[in-house]
Structure formats: C-alpha cells, structure tokens
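Numbering of the sequence shown is given in this note's numbering, commencing with residue 48 and proceeding in unit increments. Remarks on the structure that follows.
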Amino acid sequence: MAQFHFLQGNINHCARAQDLLLQSMAEWSIHVAVVAEPYFIPARDNWLGCADGLVAIIGETLIDPSRGRGWVAAVSGGIVIVGAYFSPNKSLADFEGFLVELGAVVGRYHPRPVLVLGDLNAKSSAWGSPVTDPRGEVLEEWTVTTGLVVLNRGSEYTCVRQRGGSIVDVSFASPSVASRVRDWRVAAEVETLSDHRYIRFDVSAQTASGRHPTTPINDGPRWALKRIDRELLEEAALVQSWIRESTTDGPVDVEAVALWFRGAMTQICDASMPRVHQRSARRQVYWWTAEIAQLRIACVAARRRYTRYRRRRRRDPAEEDALYEVYRASKETLWLAIGDSKSRAREVLLGSLDRDPWGRPYRWVRGKLRPWAPPLTQTMQPQLLEAVVSALFPERVGHVPPAMASPSATDSPEEESTDVPEVTQTETRAAVSRLRAKNTAPGPDGVPGRALVLALKELEPQLRGLFTACLEQGQFPSVWKEGRLVLLRKEGRPADSPSAYRPIVLLDEAGKLLERIVADRLVSHLCREGPDLDENQFGFRRGRSTIDAITRVRALAEETVSRGGVVLAVSLDISNAFNTLPWSCIREALNYHRVPPYLRRTIGAYLEERCVTYWGRDGAGRRVMSCGVPQGSVLGPLLWNIGYDWVLRGELPSGADLTCYADDTLVTARGSSHREAALVATAAVSQVVNRIRRLGLEVALNKSEALVFHGPRRAPPPGFTHRGLRGPDSCRVHHEVSGIGARQPMGIRTPLPAAGAQADGCSGRAINVASQLGGPERRL
Numbered sequence: 048m049a050q051f052h053f054l055q056g057n058i059n060h061c062a063r064a065q066d067l068l069l070q071s072m073a074e075w076s077i078h079v080a081v082v083a084e085p086y087f088i089p090a091r092d093n094w095l096g097c098a099d100g101l102v103a104i105i106g107e108t109l110i111d112p113s114r115g116r117g118w119v120a121a122v123s124g125g126i127v128i129v130g131a132y133f134s135p136n137k138s139l140a141d142f143e144g145f146l147v148e149l150g151a152v153v154g155r156y157h158p159r160p161v162l163v164l165g166d167l168n169a170k171s172s173a174w175g176s177p178v179t180d181p182r183g184e185v186l187e188e189w190t191v192t193t194g195l196v197v198l199n200r201g202s203e204y205t206c207v208r209q210r211g212g213s214i215v216d217v218s219f220a221s222p223s224v225a226s227r228v229r230d231w232r233v234a235a236e237v238e239t240l241s242d243h244r245y246i247r248f249d250v251s252a253q254t255a256s257g258r259h260p261t262t263p264i265n266d267g268p269r270w271a272l273k274r275i276d277r278e279l280l281e282e283a284a285l286v287q288s289w290i291r292e293s294t295t296d297g298p299v300d301v302e303a304v305a306l307w308f309r310g311a312m313t314q315i316c317d318a319s320m321p322r323v324h325q326r327s328a329r330r331q332v333y334w335w336t337a338e339i340a341q342l343r344i345a346c347v348a349a350r351r352r353y354t355r356y357r358r359r360r361r362r363d364p365a366e367e368d369a370l371y372e373v374y375r376a377s378k379e380t381l382w383l384a385i386g387d388s389k390s391r392a393r394e395v396l397l398g399s400l401d402r403d404p405w406g407r408p409y410r411w412v413r414g415k416l417r418p419w420a421p422p423l424t425q426t427m428q429p430q431l432l433e434a435v436v437s438a439l440f441p442e443r444v445g446h447v448p449p450a451m452a453s454p455s456a457t458d459s460p461e462e463e464s465t466d467v468p469e470v471t472q473t474e475t476r477a478a479v480s481r482l483r484a485k486n487t488a489p490g491p492d493g494v495p496g497r498a499l500v501l502a503l504k505e506l507e508p509q510l511r512g513l514f515t516a517c518l519e520q521g522q523f524p525s526v527w528k529e530g531r532l533v534l535l536r537k538e539g540r541p542a543d544s545p546s547a548y549r550p551i552v553l554l555d556e557a558g559k560l561l562e563r564i565v566a567d568r569l570v571s572h573l574c575r576e577g578p579d580l581d582e583n584q585f586g587f588r589r590g591r592s593t594i595d596a597i598t599r600v601r602a603l604a605e606e607t608v609s610r611g612g613v614v615l616a617v618s619l620d621i622s623n624a625f626n627t628l629p630w631s632c633i634r635e636a637l638n639y640h641r642v643p644p645y646l647r648r649t650i651g652a653y654l655e656e657r658c659v660t661y662w663g664r665d666g667a668g669r670r671v672m673s674c675g676v677p678q679g680s681v682l683g684p685l686l687w688n689i690g691y692d693w694v695l696r697g698e699l700p701s702g703a704d705l706t707c708y709a710d711d712t713l714v715t716a717r718g719s720s721h722r723e724a725a726l727v728a729t730a731a732v733s734q735v736v737n738r739i740r741r742l743g744l745e746v747a748l749n750k751s752e753a754l755v756f757h758g759p760r761r762a763p764p765p766g767f768t769h770r771g772l773r774g775p776d777s778c779r780v781h782h783e784v785s786g787i788g789a790r791q792p793m794g795i796r797t798p799l800p801a802a803g804a805q806a807d808g809c810s811g812r813a814i815n816v817a818s819q820l821g822g823p824e825r826r827l
C-alpha cells in the first residue's frame, strides 16, 4: 500500500540542525515535515511558514494555505496539515486563547482529515508524560472538543536535555486519518543537533491505484543527449534510410510511414546514446559525505552512552559530566563538519563560474537551481487533476461561427485545384534550421531535436516524401497529434483552482517540422495573395514584437495628449483563450482568407482527433481536445491569429482603436475630455467584447484595467471611473501624466511588486556570490 512519510521536529533556531533536518528528509523520502522554531524559512514553493516564523511546513505540494501567529496550515495529499508552536514563557490564559484560534482553524477545514503537529510545551499522561500540568489539562479538553485523537505512543522523551527530558512534541489526528497512521515513533536513534528528537510516522494513501505519489512513471524514452556519438548516429540513420528504400512500394500510407519514422528514430537514438533512467528524488543533500555520516553515527553512540549512564540508580557526577562532555564535543565536531562541507561545496560551485558562466552558479543566482521534483501532475490529487485538465481543455462542439464575409464583392471563390506543390528541399532545410536553433523539451517520442537534425542528413528524402503525401492527401498523422501535457504553476493563485496552472503540450519534433512547412506556406499566402492579418495584430508575427505594440500605443497617446486631449486605454483578458477557440471559427476564417484547399484540408486534419496525455497518481490519463490550438505547437499561434482576426476587423466608434498581441487586447479611446474618452471607450469595449463572445470566447471582465493618459493640467474629475464594464468597480483605473510610464497597458506586463521582489532576490544572491570571488579570471 502506498504511504505518505511524515516528519516532525523542533530545531531550536539552529542553522546546522536545519541542515540535518533536510538531509533526514532526503534520506527517508519524507513527503511532509512540520518543523518548530526553524532557523529561517526560505522563499520557496515547498516551504510555508506561520506569520511570526515560529513553525513551518515543508512539502512539495501545499495547497489551500492559511497562517497565523504560531500556526500554519495547508493541504497535501488530501490531508490538512496544521503545524503549531507555543512558547513555554507565555501564560496559561494566552495558551487557552491560542487553542481557541487553533480550534477555529481545524473547524475551517472540516470535514477533511486533519493532522495537528507541533511543540505546544504542554505535558499530559495522555501522550506519555509522567506528569500532567495545567497546560496539559487544557490541551486534553481541547482535543476532546475538536474530536482529535492523540497519536503519541509510549513514553520516549521527545525533548532531552542534560538534566532531564520531557514529552512536549505532540501529534493529533482526526479519526478518519488516525486509522491510517502507521509506525508512529520517536526517532531516538538519530542525532538532530537539537535537544528535540524527530518524530516519524506514515499515513496510508487513499488512491484508487495505490500508486506511490512520487513514484517516477515511465512516460516515454529519454536519452542522454550530452553523451551522443555523432558518427554512430549518422551510421544508424544511413542504415534506416537503406531499409526504407528497400521496402518503399506503392502509394504512401501516411499513418504507417509516420509510425515507421518514430520507430526508426528510436533505434537511431538507442544506437548513438544511452537511455536515461527515470529520475527519483536524491537520497542526500548536496553537502552530505561519508565522513559526516560517520560523525553522526559517532554522535549517536556518545549520546547513548550518556543516556544509559543517566538511567543508573548509582551515578558518579564526575563520570556523568565527562560522558556528557564527550557527547557535546561529538555534536560540535558534527556541527563544524557540516559547515566545512557546505563551504567546500560552495567553493566548487563558484570555481565553475569561469568555465561555465551560464551553468549552475548562474542558475543559482536566478533562483533556478532547485532539487528534482516529480512532475506536477503526479503530485496532484486525482480529483483536482481531473478538474484542472477538464477546465483547461473544455469540451465544445456545435459552435456556429459568425459569418465572415468576403473582403470585397469582386472577390469570387476560386475553383478548388487538385494541384499540390511538393515539399521542396529548401522548405525542409529551412524548417530544420529553425529546429537547430531551438533547445526545447522533446515530445512523447523522446527524440531530442538535435538528434533529429543530425539524422535528417540521411533521412531527409524519406521525411520530405511523407510531408508531400500528407499535403496531397489532406492528412496529418495521428501519432503527431498526441501531446504530453506539462502543467506549470502560476504565482499568486490558489493551488486548487484551474486558473493556477498553465498547460504546455510537448509534441514530437518531426510533427512540428510539418507544422513549420504548413505555417510558412500559410504566411506566404496571407502576405502575397491575402487578405492578410490585420496590421494591429503584433503577436506571433515575424518582424513584430511587444515593443512595436507598446510603441504604437505610446505614439497614439503622446499625439493626443500634445493636442490637449485624453486617451483612455482598456485592457481585456480572455479566459483560457488558446484552449477554447472553436475549430469552426478557424475553418471559417481560413475560408475568409481564401487559403488554398489543400492547406485547409491538412489543417482540418491537424485539428481533428487531437489529445493530450499525462501521468497522475492513478496512472495514465488522456484528454481528447474538441477546441483550441495546442500551446507548444508551431502552427497553433498562427491559427489563433487567423481565427481571432475577425475581432480586429470590426467597425469601431470614431476615436477608438484596437491593438493586440495574440490574445492580449487593448482598446484605446481618444477624446477632448475625460467624459468624452470614457463614452467612446464604453461603446468600443462593448462592441469588441460582443465580437469576442461571438467567437465562442469569454472575457474575464474582473481582470480588465483602464489606463488614462492626460496632460498635467487635465487631471480627471474626482471619482472618475470607467463604467463600461459591468459596473463602476469592475475596471481598475490608473492614471499617467503625459505619456506611458512604468505601467504597460498590455496584458503582458509583469506586476511591479513581484518583479521587484524577484530582482531583490537575484541581486542578493549575486552579491553573495561576488563577495566570495577574488575577481574575474584573466584570459588571453
């Protein structure tokens, strides 16, 4: 049966005790730890501290967090974990008030299973203490009131000092989770460098498959690209080319040939580089050594000799003090060894700076150097994962798109031609050159882009023939329409909300080469024959960028303000835009742009029967797509622009303009006064939102913002708001005097407080590195 491993302790604000705690977590594969009196609480996703830094929870997936003074709570693995600490120096009345607050926290999460872990400095025979003090009596009553069960077993001291010990570290659980707790024990055999001992226990998981929540799952082959043998790869590719030429006969079956190509690339990669085994969490921290392990064993042995002697009825105080001194010296030796080992590890890290300036030191300064963790989908609760995937990839069929009329009455539909230009060597090599310049994660086949580029020196004719057959037959191989889903967390959003996750779909590089060829032909048609995309669309277009979009808005604002006018800019946020655009709108837009029939057929096949796969705790999952364009693809962004172009072509009131970067839409309204600009903006926003909704998309009105540009003498009237978006409080209004300041009007901006915090963190780590360097290495 799968189990969650828990660890509980108090490290007395000791840096080396915290280091040893992290090593113990790695060594025992701990999923969640509750630590009282931590040395410090780092700003990491897997650390969650209370309001005054007295207790923290450490775990890979912590959702629905809450915190207060002396307590912190979060949900992990479907269990509510509450960490608590209460100082022994406070009064009994303060303790009673603290328990009232803690009881409210437990009640807030009801009826979910709850664990309350911490050091409450209360003694009671209910958890093994030889005496019961007033705090213990109050805490006993509290457990009865909240319906919690005591997990402590036996009478092993959890806190041991030179002159005695006590049991003040307690573990409580609701009955539903108490029945699943296994092997609760005080880890007396381990040195903690604190006077508190660790508490360990396991909780059996309630997953349908019983799969271990962080067990690596085989989701496809992977190869060690750094160990590639180019000569072997080219020889293996040549052999596969000969095999294909000897079996080529009759019309091309694109599905069969695509499967053959995937199998051929698998054999080529196997011949030229070793496979990478599935990673698992490291069982030790970076500074851990065999010497430190032996010192920890020696420290435990010295402590046992001392504690055994103290249990004797007849003791010699001098010998007892001598044994304690040996134990204390062993602890100090271990303490110093950990510090020295960390210093040496840091010197090695800094020593690699000159050899590899963009390697581990750079990643550490940027905060990118993190321990291995399982994919996010494998750590999420099955119900939450299913809800997130369903929300990100909704089911939508039968949407009727708006009629997109011909650009002019004289443009009559051309007769469909059966002539399909063959894929040329120039097109293929241009697509391969774009692939060579990228270093992206491989798709479900696991084939790295670099290996594919090398193999195409021999296999390029076969792949080019397959591409031509796909265009002629209007097909797109099914094996290239299956993507591997990767979820990324968004900062500042609740972890149990689908909006807190950004989906990335990893596709086979071979399929993206065909996408590149189709996209290049599509762009060529739009530019040469048209109608082309609207000039105010700046997203995913060659030669255009966010700078161009901002420059356009800035120029418009400066011109209007220089004439004494006012500009009101309103940003619109489309909910889950790329994953919800109906395919019927894309097909209608392709007809409007008079895309050649063979490209329309191929794109239609590209959209149909797409799916994403992922691994969760309950095994493999699969979600069929019925709308949207895949994020992570080559063709998807272009299809978004084509489908969304209908919004930009709409008529707007006089004085209004529209600027877009992909789905980020900005409505600007000019006026001689604030009132006039607001009226124009209200009418324009209403029209734009209506057209967006007719495409089957939804606008998140609560995320809309308004930005007012005005001169120094044209301040808005008191209480000025933009009322065009569902009421006076639905759109936040910001003011800029004479031009664009630090706040960008597009939805692509980074919030300034978050950017400042990130910059502070980077600069702090950079100063830390620079202070330990002797200067740059001189090179000839």
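Glycine is no exception: its CB is placed at the ideal position from the N, C-alpha and C atoms. Predicted model only: the values in this text are computed from it and were never measured.
Per DSSP, which residues does residue i bridge with? Please list them.
| i | result |
| --- | --- |
| Val533 | Ile551 |
| Ile621 | Val746 |
| Gly718 | Val613 |
| Leu705 | Val714 |
| Trp662 | Ala667 |
| Trp118 | Gly115 and Ala131 |
| Phe248 | Phe53 |
| Ala83 | Asn57 and Val102 |
| Asp166 | Tyr132 and Asp216 |
| Ile594 | According to DSSP, Ile594 bridges with nothing at all. |
| Ile126 | Ser123 |
| Arg322 | Trp270 |
| Gln428 | DSSP lists no partner for Gln428. |
| Gly211 | Arg208 |
| Val727 | Paired residues: none, contrary to the question. |
| Val161 | Val127 |
Looking at the secondary structure, which residues open and close the alpha helix (DSSP H) in which residue i lies?
| i | result |
| --- | --- |
| Tyr374 | Pro364 to Gly398 |
| Asp66 | Ala62 to Trp75 |
| Ile633 | Trp630 to Tyr639 |
| Leu240 | Where Leu240 is concerned, there is no enclosing alpha helix (DSSP H), given that its DSSP letter is neither H nor E. |
| Tyr356 | Ala337 to Arg357 |
| Tyr691 | Leu682 to Leu695 |
| Thr192 | Pro181 to Thr193 |
| Val152 | Leu139 to Arg155 |
Quick check on this structure: which residue in the options has the alpha carbon closest to the alpha carbon of residue i?
| i | options | result |
| --- | --- | --- |
| Ala539 | Val533, Arg549, Arg531 and Leu532 | At residue 539 the sequence reads Gly, which differs from the Ala that was named. Comparing Cα-Cα distances from Gly539 to each of Val533, Arg549, Arg531 and Leu532, the minimum goes to Arg549. |
| Val178 | Leu682, Thr354, Leu506 and Ile214 | Ile214 |
| Ala392 | Arg591, Leu506 and Thr336 | Thr336 |
| Leu510 | Lys528, Gln472, Leu532 and Pro429 | Gln472 |
| Arg717 | Leu69, Ala709, Pro422 and Ala730 | Ala730 |
| Pro468 | Pro449, Arg483, Gly512 and Arg443 | Gly512 |
| Glu734 | Ala703, Arg664 and Phe585 | Note that residue 734 is Gln in the sequence shown, not Glu. Considering only alpha carbons, the answer is Ala703. |
| Ser720 | Leu713, Gly743 and Phe756 | Phe756 |
| Arg481 | Arg647, Leu748, Leu754 and Glu562 | Glu562 |
| Ile110 | Trp630, Asp543, His572 and Pro763 | Asp543 |
| Gln520 | Arg648, Ser171, Leu554 and Leu423 | Arg648 |
| Gly194 | Gly175, Ala220 and Glu184 | Ala220 |
| Asp387 | Tyr333, Met427, Ala349 and Tyr353 | Tyr333 |
| Gly144 | Val161, Gly115 and Ser171 | Gly115 |
| Pro524 | Val500, Pro508 and Lys559 | Lys559 |
What span of residues does the beta strand (DSSP E) with residue i cover, start to end?
| i | result |
| --- | --- |
| His52 | Gln50 to Asn57 |
| Pro32 | Residue coverage of the chain in this structure runs from 48 to 827, which leaves residue 32 outside it and unanswerable. |
| Leu561 | From DSSP, Leu561 is part of no beta strand (DSSP E) but of the alpha helix (DSSP H) over Glu556 to Arg575. |
| Cys206 | Cys206 to Arg208 |
| Val46 | Any property of residue 46 remains undetermined from this structure, which presents the chain solely from 48 to 827. |
| Trp94 | Trp94 to Gly96 |
Assuming residue i contacts residue j under a Cβ cut-off of 8 Å, what Cβ separation, rounded to an integer in Å, is found between them?
| i | j | result |
| --- | --- | --- |
| Asp180 | Asn57 | Contact flag wrong, Cβ pair sits at about 18 Å. |
| Ser244 | Ala235 | With the sequence shown as reference, residue 244 is identified as Arg, and Ser is not the correct amino acid for it. With a Cβ gap of about 6 Å, Arg244 and Ala235 count as contacting. |
| Leu164 | Val81 | 4 Å |
Meets three-Cβ-pair contact criterion under 8 Å: the segment 676-692 and the segment 718-737 = no
Assess, as a yes-or-no matter, whether the segment 303-313 is touched by the segment 351-361 under the definition of 3 or more beta carbon pairs within less than 8 Å.
-> no
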